[in-house]
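Student: To convert, note that position 175 of the sequence shown is 444 in the working numbering; the numbers rise steadily by one, no gaps.
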Amino acid sequence: MTDEVADQLRVRFGLDSVDVRAGLTQDELFAAAIEGDRGRTRIDGGENDQKAFATALGADGPLIFYSDPSCTGRPVQDTFAVAWPEVVDEVWWKSDFSQLGSDHYTGLLDRVLAHLNEQRATLYTADVFCGWDPEFAIPYRLVSEYATHAYFANIMFPKGVRDDADRDAVGWTMINVPSFRCDPDRDGTRTDRAVIMDLRNRLGLVIGRADYCGVVKKTMFTVMNFVLPDAKQLTMHCSANVDDSGNSAILFGLSGTGKTTLSADPDRSLIGDDEHVWTESGIANFEDGCYAKLIDLDKEAEPIIAAALSKAGTLIENVPALPGRDLADTDPQDLDLTDDSITENTRFAYPLSCNPHVAPGAKGPHPRTIVLLTADAFGVLPPVSILERDEVMYHFVMGFTAKLAGTEVGVVEPQATFSACFGAPFMSHKPSVYAELLAHRMDTHSARCILLNTGWSGGPYGVGDRMSIAHTRALLDAALNGDLDTVDTVRLPILGLRIPVSCPGVPDKVLNPRNTWSDPEAYDEAAIRLRDLFRQNYEEQDYASLGIKAML
270 MTDEVADQLR VRFGLDSVDV RAGLTQDELF AAAIEGDRGR TRIDGGENDQ KAFATALGAD
330 GPLIFYSDPS CTGRPVQDTF AVAWPEVVDE VWWKSDFSQL GSDHYTGLLD RVLAHLNEQR
390 ATLYTADVFC GWDPEFAIPY RLVSEYATHA YFANIMFPKG VRDDADRDAV GWTMINVPSF
450 RCDPDRDGTR TDRAVIMDLR NRLGLVIGRA DYCGVVKKTM FTVMNFVLPD AKQLTMHCSA
510 NVDDSGNSAI LFGLSGTGKT TLSADPDRSL IGDDEHVWTE SGIANFEDGC YAKLIDLDKE
570 AEPIIAAALS KAGTLIENVP ALPGRDLADT DPQDLDLTDD SITENTRFAY PLSCNPHVAP
630 GAKGPHPRTI VLLTADAFGV LPPVSILERD EVMYHFVMGF TAKLAGTEVG VVEPQATFSA
690 CFGAPFMSHK PSVYAELLAH RMDTHSARCI LLNTGWSGGP YGVGDRMSIA HTRALLDAAL
750 NGDLDTVDTV RLPILGLRIP VSCPGVPDKV LNPRNTWSDP EAYDEAAIRL RDLFRQNYEE
810 QDYASLGIKA ML
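(1) Note down the Cα distance separating Met662 from Val775, rounded to an integer number of angstroms.
(2) Asp285 by DSSP, collapsed to three states: which one?
(3) In chain order, which alpha helix (DSSP H) runs of at least 4 residues are fully inside the segment 570–633?
(4) Just verifying my parser: in three-state terms, what is the DSSP assignment at Gln502?
(5) For the segment 460–478 against the segment 593–604, are there 3 or more C-beta pairs whose distance is under 8 Å?
(6) May I ask you to verify whether the segment 651–658 touches the segment 618–626, counting CB pairs closer than 8 Å and requiring at least 3?
(7) Which term fits Val485, buried or exposed, when burial requires 16 or more other beta carbons within 10 angstroms of its beta carbon?
(8) Short check: CB of His384 to CB of Val446, under 8 Å?
(9) Quick one: what's got a C-beta closer than 7 Å to Tyr420's C-beta in the same chain, skipping five residues either side?
(10) Give the single residue among Thr529, Thr548, Trp361 whose Cα lies nearest to the Cα of Leu539.
(11) Does the distance from the C-beta atom of Ser688 to that of Leu523 stay below 8 Å?
(12) Helix or strand or just coil, what does DSSP make of Val519?
(13) Would the beta-carbon of Gly440 fall within 8 Å of that of Arg469?
(14) Just how far apart, CA to CA, sit Pro338 and Asp542?
(15) What span of residues does the beta strand (DSSP E) with Ile768 cover, start to end?
(16) Work out the CA separation of Thr599 and Met505 for me, nearest whole Å.
(17) According to DSSP, Leu642 sits in a beta bridge with which residue or residues?
(18) Can you tell me which of Thr442, Phe398, Ser448 puts its alpha carbon nearest to the alpha carbon of Arg431?
(19) State whether the segment 719–733 contacts the segment 776–791, with contact taken as three or more CB pairs (one from each stretch) at a distance under 8 Å.
(20) What number of angstroms, rounded off, separates the C-alpha of Arg459 from the C-alpha of Ala743?
(21) With distances taken Cα to Cα, identify the nearest neighbour of Ala829 among Glu705, Phe366, Asp285.
(22) Express the C-alpha separation of Arg279 and Thr375 in angstroms, rounding to a whole number.
(23) Taking all protein chains shown into account, do 16 or more other C-beta atoms lie within 10 angstroms of the C-beta of Ala577, making it buried, or fewer, making it exposed?
(24) Count the other C-beta atoms from every protein chain shown that fall within 10 angstroms of the C-beta of Thr271, then say buried if there are 16 or more, exposed otherwise.
(25) Suppose the cutoff is 6 Å on Cβ atoms and the five residues either side in sequence are ignored; what does the same chain contact list for Ala644 look like?
(26) Can you tell me which residues form a DSSP beta bridge with Gln684?
(27) Nearest CA to the CA of Arg462: which residue from Gln346, Leu531, Pro408, His635?
(28) In or out: Ala739 buried (at least 16 other Cβ within 10 Å) or exposed?
(29) Suppose you measure from the CA of Glu677 to the CA of Lys699; what does that come to, to the nearest Å?
(30) Put Asp752 into one of helix, strand or coil per three-state DSSP.
(31) Please identify the residue among Leu707, Gly668, Ile763, Asp365 whose C-alpha is closest to the C-alpha of Ala796.
(32) Compare the Cα-Cα distances from Thr612 to each of Val588, Arg717, Val627, Gln805 and report the closest residue.
(33) Out of Ala325, Gln805, Asp609, Arg343, which one is the CA nearest neighbour of Lys580?
(34) Name the one or two DSSP bridge partners that Glu544 has.
(35) Taking its Cβ as the centre, do 16 or more other Cβ atoms sit within 10 Å of Arg798, making it buried, or is it exposed?
(36) What separation, rounded to the nearest whole angstrom, lies between the Cα atoms of Ile465 and Gly342?
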């Protein structure tokens, strides 16, 4: 296999002086990462520091990896697509997905390939698929200087979904070269690193200090979000599950809204927790793994992740070693998961199979229920709203949640966040493309939709209380069971949302947020402020020109 892959890389990219390592097992990549992955792990550290480590469990436990300290999350301001003439009018350009001129790109690509030849680089490859649906799965080949990235790709993406004889015709390649440094004046980049998608030639180029493992995953999601909608398939940043009767559901939501928690239901099989496509056949996960946040993990509340921490073939990213103890002498269960001294974005990649009750093939039928999740820290939105077609498109492109203020001293006012399609950084087409596909799929398959608020009730953060998880689950169960389809409803003034007047397991008072505030007039003022934030975002994004009707 190595000779075949080496020949293909030589023919396509001119990589004729490199040492290609293809088809390695996870154990072989584990050992290669510890032996060979070298680079900076501290701001004041050297460029030849060890980056990958074993714990006391050795290859029977997780690999621990430390990304460059300047890249402990996706480098969004250094993310580009090549502005080829045939795509420039289709792509949704924004600050975290910028244009890179084709002249700059072609010269830069030549320099990167020459750099690999000059360095006689050792390159590790992983041949996987993006997607579990055989009809729409795209072959994905990772080519990386770091064995860790190939190891990560093998965790996160499925293999053997179908025959890959069409890899040359439709497949994507990512070339990941941490040792190369861009020159912004010469290369047209913002800094000495870049994540670049070449949508014409099906190539991802990751160069410089951009070795955060999530780049290997989210770059391909961004690609799928461009490729599949052109084939009229709806790509989604959501979780999904299905019950024993074949009633599936998808849950859209930004970080902190409960997307992962609510999709983990003992009475339903998990399809996936992050990235999916809705085709004529139903829902399919893009991935074969999970990439969970570890910071402040409650092991009792998240027993699946806790158990997987000790399993082979997993990867822990940017969790610090214990003071005075080598990682080689540390059981992974003893790691301090509250330690954010490297980053709050500590991560853990593990196979989807670590979860109980995974749907066969990570696929499911057409969903009966679509859930738009929000965590409103203003305390204004109702716990559940029943949405009609135009409302679905509106709230979907809004992608609203209200996060708590950050670490700034004295700031307690919630901060409104709008992220189109609940994943704006990854949406490479304009939001209306996904909204129209969602509306079409809902119409075709008679799917219902609710807006489910997991945020605050009785007042804003600091005054009110967080929604009861028991009430949230009762509302979700009622929606999934169809109990809200025929319930009596009323329209909220100001926000215009349609809410049920009753729901089993939920006090009637809780359903109308105005009734939970001690000062109803204060609620009205807060609702007007939130409505105006929605209106402001609608105008700023010029959604009217995209055919999205104003609903507030």
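Glycine is no exception: its CB is placed at the ideal position from the N, C-alpha and C atoms.
Tutor: So, from the listed chains and residues:
(1) 28 Å
(2) coil
(3) The segment 570–633 is shown to contain whole alpha helix (DSSP H) runs of 4 or more residues at 572–577, in chain order.
(4) Reduced to three states, the DSSP call for Gln502 is coil.
(5) no
(6) Touching, no.
(7) buried
(8) Cβ atoms of His384 and Val446: closer than 8 Å.
(9) Gln295, Leu298, Phe299, Ala302, Leu332, Leu584
(10) Thr529
(11) yes
(12) Strictly speaking, residue 519 in this sequence is Ile, with Val absent from that position. Three-state result, Ile519: strand.
(13) no
(14) 27 Å
(15) 767–769
(16) 39 Å
(17) Partner(s): Leu721.
(18) Phe398
(19) Proximity of the segment 719–733 to the segment 776–791 meets the contact definition, three or more beta-carbon pairs being nearer than 8 Å.
(20) When rounded, the distance between both Cα atoms is 48 Å.
(21) Beyond the ends of the chain as shown, which are 270 and 821, falls residue 829; an answer cannot be given.
(22) 18 Å
(23) buried
(24) exposed
(25) Excluding the 5 residues flanking it on each side, Ala644 has same chain C-beta neighbours closer than 6 Å at Gly525, Thr526, Thr670, Thr723, Gly724, in chain order.
(26) Lys672
(27) Just measuring C-alpha positions, the residue of Gln346, Leu531, Pro408, His635 sitting nearest Arg462 is Gln346.
(28) exposed
(29) For Glu677, the predicted model reports a pLDDT of 35, less than 50, meaning its position is unreliable and no value from the coordinates is stated.
(30) coil
(31) Ile763
(32) Val588
(33) Ala325
(34) His506
(35) Looking at its Cβ environment, which holds fewer than 16 other Cβ atoms inside 10 Å, Arg798 is exposed.
(36) 16 Å
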